[in-house]
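Just so we're aligned, residue 71 is where the sequence shown starts under the numbering used here, counting upward by one.
Built from N, CA and C at the ideal position, the CB exists for glycine as well.
In what follows, a structure is listed as structure tokens, so that the remarks can point back to it.
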Amino acid sequence: MTKFSEFPYVADRFNAVRRETVQVRVGEALIGGNAPILVQSMTTTKPKDVEKTVAETLALAKVGCGLVRITAPTFADAQGLEEVMKQVRAAGCTVPVSADIHFQPKAAFEALKWVEKVRINPGNFVDTGILTLENQTDKSFDEGKEKVAEAFTPFVQEAKRLGRAIRIGVNHGSLSARMIYRYGDTVEGMVESAMEYLAVCEAEHFDQVVLSLKSSNPRVAIAAYRMLAARIKQEGFKPYPFHVGVTEAGAGADGRLKSAAGIGALLLDGLADTIRVSLTEDPVAEVPVAQELIKACALPAAPTAYNVPVFEKDPYHYERRATEAVKVSGVEIGGNSPVKVGVKADAIALTGERRNAEFALPSLDAAPVVQFKDAMDIAGFAQNPSAVPAGSVFCYTGPEMVSGVRALAAALAAAGRQDPILLYAKIADNETETLRVSADIGSLVTDGLGDAVVIDGYKGAKESVLLAFDILQAAYCRRSKTNFISC
């Protein structure tokens with residue numbers, strides 16, 4: 071993979087803007103370009119059950135879902151889409167529909183006849199063999215690439231003829247044997263799997279393509295989308311829009327936090343054009359959460375001048391920022407310690423409120439903590455690092471936490487400093503702020519930034535501590551309870 075500085079996924083990591091893309095039309099909906107970020111969801115039914123599939127499609131459209139996906143695992147299911155679409159349109163519903171296809175190229179061709187968009191999985195559209203040392207070689211890898219072109223080219227040509235869109239949807243859990251042989255079970259394997267199929271679309275001058283790289287691990291998903299944006303630039307391909315999601319995030323608060331940690335981080339990077347919050351609940355419940363997440367992670371209208379060196383930390387491979395341990399209230403922060411969860415000392419009303427907190431934060435203005443309230447404070451440190459004593463704990467409390475902490479980390483790196491960073495957020499008890507803080511902290515710990523977390527406000531000290539632990543778990547940073555992956 072090329073250096074980040076040669077082909078960055080975003081021009082300015084301190085001031086992300088939405089990535090410019092080709093605009094893809096899916097029926098009446100537009101994805102990418104200057105279109106608003108589209109919310110989609112998926113029915114729990116199969117097309118052969120026409121009545122239930124139609125009912126779920128209409129219910130999703132009613133709550134504002136911009137695109138409905140229906141899985142069609144067999145050719146018979148793909149045929150069933152004809153009647154589903156007839157009844158949906160007869161009901162006066164114009165919501166675009168996408169078919170989800172795995173293992174069945176024949177079903178994918180059939181689905182093109184009836185729906186506006188078809189999703190295929192590069193992991194099983196052609197390559198369905200079992201990975202063994204006997205059947206995977208460099209020669210078979212190259213031969214497999216030729217087979218992909220032979221099988222996928224006619225599909226692209228048919229989509230072009232019918233005016234349909236295609237989603238090339240890679241799943242981390244279903245990479246092909248060929249890709250695992252060449253790249254291992256890695257982010258690179260996910261990206262190259264998508265690029266192989268995208269090259270066919272480019273060769274056919276077909277640009278009505280949406281890309282997705284999904285994983286149940288937000289850290290993997292974030293790195294994959296970033297790397298794909300860079301690889302597309304590197305190859306000189308058109309900038310295709312991204313559909314963003316976290317595979318089967320779960321239910322309740324955990325599912326929402328996990329979605330926010332992954333999807334929200336990518337929204338803050340400007341890399342999402344359409345999203346699905348994948349909850350193990352009624353599909354209708356996914357739509358308002360997705361809408362709220364988009365609202366919570368809106369990018370600022372104007373850039374902020376941080377006046378610090380370029381942030382060169384590798385955004386594609388996780389490595390926690392190296393720090394020297396500093397004690398806060400007798401507890402080590404940074405160094406080899408895991409990311410610690412603390413609580414504001416002045417928020418403790420009852421002895422039990424401190425339960426589960428690993429340290430108490432006396433004040434944001436008492437040594438060793440040094441508070442940076444805005445870009446000017448960060449720029450001041452960058453110009454005169456010696457003004458802040460070594461062995462401090464740096465804490466940014468200004469707007470746009472992700473950008474501010476990245477700028478702070480860049481200033482520390484330029485000064486050759488390894489002081490730990492405290493991630494602090496004061497939030498109210500509402501869904502918008504909860505989703506946003508999960509996106510902020512999820513993005514930063516994925517970047518390897520942050521040695522401690524303190525959430526202030528929310529529902530009180532105890533609940534703030536539990537929320538911090540839940541966010542760290544959602545971002546695969548720390549595990550504080552059983553982790554469920556819904557499949």
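Between the alpha carbons of residue 194 and residue 276 lies a distance of about 22 Å. Residue 78 and residue 219 have their C-alpha atoms roughly 29 Å apart.
In this structure, DSSP gives residue 170 an extended state, which the three-state scheme calls strand.
Within its own chain, the residues whose Cβ lies closer than 7 Å to the Cβ of residue 86, once the five positions on either side in sequence are excluded, are 80, 338, 339, 340 and 369, listed in chain order. Residue 526 has 496 as its beta-bridge partners, per DSSP. Residue nearest to residue 124 within the set 96, 154, 141 and 232 is 154 (criterion: CA-CA distance). The region 246-254 and the region 288-297 do not touch, with fewer than 3 CB-CB distances between them shorter than 8 Å. Only residues of its own chain outside the window of five on either side were considered, and among them none has a CB closer than 6 Å to the CB of residue 160. Taken through DSSP and simplified to helix, strand or coil, residue 402 comes out as strand. Following the DSSP letters along the chain, one finds residue 279 inside the beta strand (DSSP E) bounded by residues 279-284.
With the rule of 3 Cβ pairs closer than 8 Å, the region 130-142 counts as touching the region 347-365. When DSSP states are grouped into helix, strand and coil, residue 109 belongs to the strand group. Residue pairing of residue 466 in beta bridges, as defined by DSSP: 442 and 493. Separation of residue 212 and residue 273 (C-alpha to C-alpha, rounded to the nearest whole angstrom) is 18 Å. Looking at the backbone, the Cα of residue 237 and that of residue 506 are separated by about 28 Å. Under a 10 Å Cβ-count criterion, residue 90 is classified as exposed, with fewer than 16 other Cβ atoms of the shown protein chains found around its own Cβ. Within the region 293-351, the alpha helix (DSSP H) runs of at least 4 residues that lie entirely inside it are, in chain order, 322-329 and 335-338.
In the structure shown, residue 458 falls within a coil segment according to DSSP collapsed to helix, strand and coil. By the neighbour-count criterion, in which a residue is buried when 16 or more other Cβ atoms sit within 10 angstroms of its Cβ, residue 375 is exposed.
In this structure residue 540 is buried. Its beta-carbon is surrounded by 16 or more other beta-carbon atoms within 10 angstroms. Residues 381 and 476 of the same chain have their beta carbon placed closer than 6 Å to that of residue 83, with the five preceding and five following residues left out of the count. When Cβ pairs closer than 8 Å are counted between the two stretches, the region 532-547 is seen to touch the region 325-333, the count reaching three or more. Between residue 137 and residue 165, the CB-CB gap stays under 8 Å.
With a 10 Å radius around the Cβ and a threshold of 16 neighbouring Cβ atoms, residue 174 comes out buried. Counting C-beta atoms within 10 angstroms of its own C-beta, residue 446 has fewer than 16 neighbours from the protein chains shown and is therefore classed as exposed. Linking residue 304 to residue 265 through their CA atoms gives a straight-line distance of about 11 Å. Counting C-beta pairs closer than 8 Å gives three or more between the region 178-196 and the region 140-149, which meets the contact rule. DSSP places residue 396 in the strand class (E or B) of the three-state scheme. DSSP, reduced to helix, strand and coil, places residue 183 outside both helices and strands of the structure shown, so it counts as coil. Residue 430 is bridged by DSSP to 413. By the Cβ-count criterion, residue 172 is buried, with 16 or more other Cβ atoms from all chains shown falling within 10 Å of its own Cβ. With a beta-carbon spacing of about 5 Å, residue 107 and residue 364 fall inside the 8 Å limit used to define contacts. In the structure shown, the three-state DSSP call for residue 141 is strand. When the beta-carbon positions are compared, residue 465 and residue 441 come within less than 8 Å of each other. Measuring C-alpha to C-alpha distances from residue 433 to each of 457, 452, 403 and 398 identifies 398 as the nearest.
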